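Visitor: Handing you a structure now.
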Amino acid sequence: MDFTFSEDQLLFRDSVRDFLVNEVTPERVRASWEKDDGRDAELWQQLAELGLCGMTVPEDFGGLGMNELDFVLLAQECGYVALPEPLVNTALVAVPVLSRLGGEAASEYLPRIASGELRVAVGCSENGLVEDAAQAGLLLWAEPEAFYVLTAEQFSTRYNPSVDPSRRLYAVELGSDAKPVATGDQAQALYQAVLDRGALGAAAQALGLAQRMIDISVQYSSERQQFGKPIGSFQAVKHHMANVAVRLEYAKAPVHRAAYALAEDAAGASEAVSHAKLVACEAANLAAKNSIQVHGAMGYTWEVDLHIFMKKAWALAGSFGDTGFHKQRIAEHIFADGAALGAGTTFA
Amino acid sequence: MKLNFTEQQNAFREEIRTWLAENVPAEPLKTFDTEEGFQQHREWEATLNKGRWGMVTWPEDLGGRACDLIEWLIFEEEYYRAGAPLRVNQNGIFLLGPTLMEYGTQEQKERFLPRMATGEDVWAQGWSEPNAGSDMAAIRSTAKREGDKYIINGQKTWSTRAVWADWLFGMFRTDPESERHRGLTFILVPLDTPGITVRPIPQLDGLPGFAEIFFDNVEVDVSNRLGDEGAGWSVAMATAGFERGLMLRSPARFQETARRLVELYRANQASADRDPGVRDAVIRAWMDAESYCLSTYQTACRLSQGGKIGAESSTNKIFWSELDQNMHGTAMSLLGARAELLPHAPDAQGVGTWLDGWMFAQSGPIYAGTNEIQRNIIAERMLGMPR
């Protein structure tokens with residue numbers, strides 16, 4: 305039993321955190337909002353040069369050969385800066401799914417994804433809309449009975465603006481020449497793989513977003529004075545933030561366990577992911593609610609940075625399976641006849 | 006990261022499981038808030054100790070097994086799974102025991118720990134006073150040094166298990182000129198000393214689970230002082246850390262409650278589903294109990310690799326106490342009109358111990374430092390908000 309990350313995993317996390325905090329400032333996020341395609345080609349190239357786009361690509365295909373567990377801490381950091389670039393969907397969802405599919409698609413596209421040259425989008429019918437579909441050269445589209453790998457000319461898109469201006473969402477229409485590369489059980493497995501990894505990515509980012517909203521609110525409430533004191537010295541304000549800290553603290557281990565379960569292909573991985581998604585997004589939503597309250601009217605403005613993180617938290621809560629979808633998966637597990645529940649069953 | 010148990014850990018689990026199957030009393034003991042039940046629980050502690058299961062994290066020469074935190078969690082899982090009796094001496098073995106090991110002299114360890122382990126000495130707490138509750142530094146009870154004695158005067162209250170306990174550990178003001186958390190001393194007091202009056206206080210369930218204690222020129226030998234004179238506050242903070250932290254509230258208890266809640270829901274699903282909030286609360290209860298378990302294992306692993314526990318231990322106390330209230334509150338909703346019935350009511354079939362648990366759950370957010378105090382600690386020491 306070892307529920308800790310390795311020294312290497314933590315060091316890598318630290319170096320990526322330093323890079324992201326320095327490079328992906330709120331100003332840079334806002335600048336990307338102003339662009340037509342919402343994307344920052346220079347930043348994407350920097351991420352690729354750091355090895356991040358290819359982090360989960362097998363070494364034979366020019367990547368670092370790492371897995372979901374190696375990446376989960378980085379996904380938290382992506383959330384912390386509200387990274388607009390689709391790094392989490394690429395490294396945590398598209399690449400592992402394409403690797404599982406294998407064959408020609410994997411050998412043809414994975415090296416190009418690792419180098420940053422090819423942008424890939426990934427979506428599933430549970431979600432409907434696909435992030436970055438119009439910006440991507442390649443689309444992975446998962447349905448329960450059919451899995452597609454499509455190049456740009458094989459599908460068309462319709463833009464749907466999101467409350468989070470970083471998210472570029474598209475309805476996708478498959479062209480008449482689009483043929484599934486997998487059907488039946490294989491498609492079902494890939495569909496699950498997309499949903500589970502997408503949900504894990506949302507959960508991990510939610511942890512980072514919640515932490516960022518705490519940090520911003522603590523700083524604001526330490527500086528803003530009313531009644532001759534910083535408002536953060538008042539218990540009503542303190543307790544708003546303490547409540548977020550409690551929910552966040554207890555959402556971390558479920559997310560790390562879910563990443564481990566996916567990396568190990570463990571039984572029960574899907575329930576672990578649903579648990580992680582629900583508690584992490586709940587923590588982020590509470591962070592958003594309490595942070596805007598602590599900011600007062602300033603929090604309701606476009607100018608103060610809080611909304612960059614708050615809106616991403618709102619958006620991620622419904623992506624890759626909404627609360628109904630994930631609670632249903634938990635319910636099927638715990639209300640089943642003969643379910644192993646209670647003390648001593650967590651790691652069984 | 007490797008989330009499975011070693012062969013050695015599995016063997017340990019098997020060993021305790023087998024022992025409990027053979028030794029846990031078939032009939033549940035009477036509550037330890039009655040004289041008869043107290044005695045039964047004291048005997049159970051002796052039985053546990055004979056099997057060397059009394060306090061597995063203690064060193065082997067003190068009757069323990071020198072278990073690490075992971076083995077401790079495994080022990081607790083099996084203990085709660087088996088429905089074994091509550092620990093009447095938890096103030097001693099979980100709180101004072103570890104404090105003694107950290108601050109006690111060799112003589113004190115030899116004098117107190119073995120008798121604590123066998124249940125011969127059951128311990129009560131003496132922290133709160135009528136005017137020192139959340140504000141514990143307002144303690145006024147005095148211990149005046151005279152030669153090799155302390156003369157204790159004053160009053161303690163909310164002293165859990167004190168009605169039938171043998172000893173009390175508490176904090177007293179040894180420097181009458183001192184204020185707040187300076188000048189306090191941690192002293193161990195035999196409850197049969199002349200000058201002590203114990204007045205039972207009936208709890209929410211009507212039973213005397215705690216008491217107030219009056220001290221009238223009570224003489225205690227200086228050798229009963231734990232830590233230095235005037236250093237009581239830091240000794241007590243270590244004990245309070247054990248109380249809030251993972252020693253006292255291991256996840257197994259809450260996971261077993263969540264399991265029973267799922268069972269109760271399934272047995273009453275048709276009526277329960279008329280209120281969709283109940284089903285949702287059951288799902289949340291299971292997830293939160295699971296989160297608590299996962300987080301505790303993660304913390305235990307971090308600590309065993311040399312990490313330190315900090316202000317985040319205050320999040321622990323809030324999380325488990327609110328979870329316990331939510332789970333029992335959900336059970337009360339599920340039981341509907343039967344929820345108010347006492348277990349011995351003739352038509353109370355199937356209500357089990359939920360009502361007792363519900364009443365007890367009310368105390369969780371209050372004892373061991375109210376949740377409001379914990380939130381202040383989180384905000385100021387973990388998040389760095391201004392005082």
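Quick mapping for you: the protein sequence lines, in order, are chains A and B. Our numbering applies: residue 305 is where the first sequence begins, and numbers increase by one. Our numbering applies: residue 6 is where the second sequence begins, and numbers increase by one. C-beta atoms are modelled at their ideal positions from N, C-alpha and C, and glycine is treated no differently. Keep in mind it's a predicted model, so treat the numbers as computed, not measured.
From which residue to which residue does the alpha helix (DSSP H) around C306 (chain B) run?
Guide: P281 to S309
Visitor: Check for me: the alpha helix (DSSP H) holding G341 (chain B) runs from which residue to which?
Guide: Unbroken run through G341 (chain B): none, as it is neither H nor E.
Visitor: Can we say the region 318-334 of chain B touches the region 293-304 of chain B, given the rule of at least three CB pairs closer than 8 angstroms?
Guide: The count of Cβ pairs closer than 8 angstroms, one atom from the region 318-334 of chain B and one from the region 293-304 of chain B, reaches three, so the stretches are in contact.
Visitor: Any contact between the region 148-163 of chain B and the region 276-288 of chain B? By contact I mean 3 or more CB pairs, one from each, below 8 angstroms.
Guide: no
Visitor: Could you tell me which residues DSSP pairs with Y452 (chain A) in its beta bridges?
Guide: A:W445
Visitor: Given that a residue counts as buried once 16 or more other Cβ atoms are within 10 Å of its Cβ, and exposed if not, what is T121 (chain B)?
Guide: The question names Thr, yet the displayed sequence has Met at residue 121 (chain B). Burial call: buried.
Visitor: Can you give, in chain order, each stretch of the beta strand (DSSP E) that sits fully within the region 213-250 of chain B and has at least 3 residues?
Guide: 215-226
Visitor: Could you tell me the alpha carbon to alpha carbon distance between A450 (chain A) and G427 (chain A), rounded to whole angstroms?
Guide: Going by the C-alpha atoms only, they are around 12 angstroms apart.
Visitor: For a contact meaning CB atoms closer than 7 angstroms, what does T650 (chain A) contact in chain B?
Guide: E295, C298 and L299
Visitor: Going by other Cβ atoms of all chains shown within 10 Å of its Cβ, with 16 needed for buried, is F316 (chain A) buried or exposed?
Guide: buried
Visitor: Closest to L511 (chain A) by C-alpha separation, out of A:Q458, A:N326, A:L377 and A:G646, would be which residue?
Guide: A:L377
Visitor: Measure the C-alpha to C-alpha separation of N136 (chain B) and V356 (chain B) and round it to an integer number of angstroms.
Guide: 39 angstroms
Visitor: K533 (chain A) by DSSP, collapsed to three states: which one?
Guide: strand
Visitor: Given that G389 (chain B) touches chain A, what residues does it touch there, using C-beta distances under 7 angstroms?
Guide: V522
Visitor: How close, in whole Å, do the beta carbons of L67 (chain B) and L118 (chain B) come, if the pair is a contact with beta carbons under 8 angstroms?
Guide: 5 angstroms
Visitor: Roughly how many angstroms separate the alpha carbons of M545 (chain A) and A440 (chain A), rounded to a whole number?
Guide: 39 angstroms
Visitor: Rounded to whole angstroms, what's the CA-CA distance from A216 (chain B) to I206 (chain B)? Just pull it up for me.
Guide: 5 angstroms
Visitor: To the nearest angstrom, how far is the alpha carbon of L231 (chain B) from that of I192 (chain B)?
Guide: 6 angstroms
Visitor: Does H333 (chain B) pass the burial test, meaning 16 or more other C-beta atoms within 10 Å, or should it be called exposed?
Guide: buried
Visitor: On a Cα-Cα basis, can you pick out the residue from B:A167, B:H186 and B:D140 that is closest to G235 (chain B)?
Guide: B:H186
Visitor: At a CB-CB cut-off below 8 angstroms, which residues of chain A make contact with E41 (chain B)?
Guide: Going along chain A, no residue has its Cβ under 8 angstroms from E41 (chain B), so there is no contact; the nearest lies around 28 angstroms.
Visitor: What does H599 (chain A) reach in chain B if we use C-beta pairs closer than 8 angstroms?
Guide: Per Cβ cutoff of 8 angstroms: no residues; H599 (chain A) is ~14 angstroms from chain B at best.
Visitor: Please state the DSSP three-state secondary structure of A570 (chain A).
Guide: Look at A570 (chain A) here: in three-state DSSP terms it is coil, with no helix or strand label.
Visitor: For a contact meaning CB atoms closer than 9 angstroms, what does C72 (chain B) contact in chain A?
Guide: The premise fails here: C72 (chain B) is roughly 13 angstroms from chain A at the closest Cβ pair, so nothing lies under 9 angstroms.
Visitor: Where does F531 (chain A) land, buried or exposed, given buried means 16+ other C-beta within 10 angstroms?
Guide: exposed
Visitor: With distances taken from CA atoms, which of A:L610, A:V559 and A:Q492 is nearest V522 (chain A)?
Guide: A:L610
Visitor: When you compare the CB of I596 (chain A) with every CB in chain B, is at least one pair closer than 7 angstroms?
Guide: no
Visitor: Would G138 (chain B) and M176 (chain B) qualify as a contact pair, given that the criterion is a beta-carbon distance under 7 angstroms?
Guide: Contact: no.
Visitor: Alpha carbon to alpha carbon, what distance is there between R561 (chain A) and D364 (chain A)?
Guide: Straight through space, the alpha carbons of R561 (chain A) and D364 (chain A) are spaced by roughly 28 angstroms.
Visitor: Since A425 (chain A) sits in a beta bridge, which residues does DSSP pair it with?
Guide: Answer is A:L443, bridged to A425 (chain A).
Visitor: Would you identify the three-state DSSP class for T147 (chain B), choosing helix, strand or coil?
Guide: strand
Visitor: In the DSSP assignment, the beta strand (DSSP E) including V476 (chain A) goes from what residue to what residue?
Guide: Looking at the DSSP string, the run of the beta strand (DSSP E) that includes V476 (chain A) is R472 to L478.
Visitor: Would you give the residue range spanned by the alpha helix (DSSP H) that N158 (chain B) belongs to?
Guide: First-last for N158 (chain B): K154 to T165, but that is the beta strand (DSSP E), not the alpha helix (DSSP H).
Visitor: What are the boundary residues of the alpha helix (DSSP H) that P400 (chain A) is part of?
Guide: V399 to L405
Visitor: Using DSSP bridges, identify the partner residues of N464 (chain A).
Guide: Paired residue(s): A:L473.
Visitor: Can you tell me the Cα-Cα spacing of E151 (chain B) and E224 (chain B), whole angstroms?
Guide: 9 angstroms
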